[in-house]
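Participant:
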Amino acid sequence: MTSEEGASSNSPKRAKTEFGDVRKIGRFTVETQRLVKVLIVEADDTLRVLDKMTIESLNLPVTVQEAANGSKAVDMYRATPFDVIFMGLEMPVMNGIEATKVLRDIGARSMIIGMVLITLNNDELVQAFQEAGLDECRRMPMTSNEFRSILQKARDKI
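First residue of the sequence shown: 1, per full-length UniProt numbering; consecutive thereafter.
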């Protein structure tokens, strides 16, 4: 931490850290957390909006973006890597299996959580999704507690 010449010891001082911003004011230290960057990838607009609303209602330090297909998700990741990607399976243009493979091939270290509908009874498809490089596979709809648990794990890793 550095201070300007002539500044008093009570002047605010700042330091950037890997995890956030630390500000020292006098004898008090205030730390702000880095936001967990989340991407929701799902073709169904209603499910995508519902997941986003659920995540935002948790009051965790997150920022949430959305993509309607795997190709868009890959493009968005290349522009801004995400900490957590909630990946739907069945999507137009590029499905969740293909998108997960591409993300892993380009070196994505994000937690990728596959999301499959409870009604999907195709174990081979789910297994192919997991083998593409998922960290976890969950049945939709996910509960707020499931989202919270995953986001807390991601926050602990960053």
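Just so it is clear, CB atoms sit at the ideal spot from N, CA and C, and this is done for glycine as well.
1. Using only CA atoms, which one of Gly114, Leu58, Asn95 and Thr80 lies nearest to Gln65?
2. Go ahead and pull the three-state DSSP assignment for Thr63.
3. Distance, Cα to Cα, Thr63 vs Arg78?
4. Relative to the alpha-carbon of Cys137, which residue among Gln127, Asp44, Ala43 and Lys101 has its alpha-carbon at the smallest distance?
5. In chain order, what residues of the same chain have a beta carbon less than 8 Å from the beta carbon of Ser71, not counting five sequence neighbours either side?
6. Please list the terminal residues of the continuous alpha helix (DSSP H) segment that includes Gly114.
7. Less than 8 Å between the beta carbons of Leu103 and Val84, yes or no?
8. Express the C-alpha separation of Glu131 and Asn69 in angstroms, rounding to a whole number.
9. Which runs of the alpha helix (DSSP H) spanning at least 4 residues fall entirely within the UniProt domain "Response regulatory" (37 to 155), listed in chain order?
10. Which residue from Pro141, Ser149, Arg148 and Val38 puts its Cα closest to that of Leu50?
Facilitator: Taking the coordinates as given:
1. Thr80
2. strand
3. 17 Å
4. Gln127
5. Val93, Met94 and Ala99
6. Not the alpha helix (DSSP H): Gly114 falls in the beta strand (DSSP E), residues Met111 to Leu117.
7. no
8. 19 Å
9. 45 to 56, 70 to 79, 96 to 105 and 123 to 131
10. Pro141
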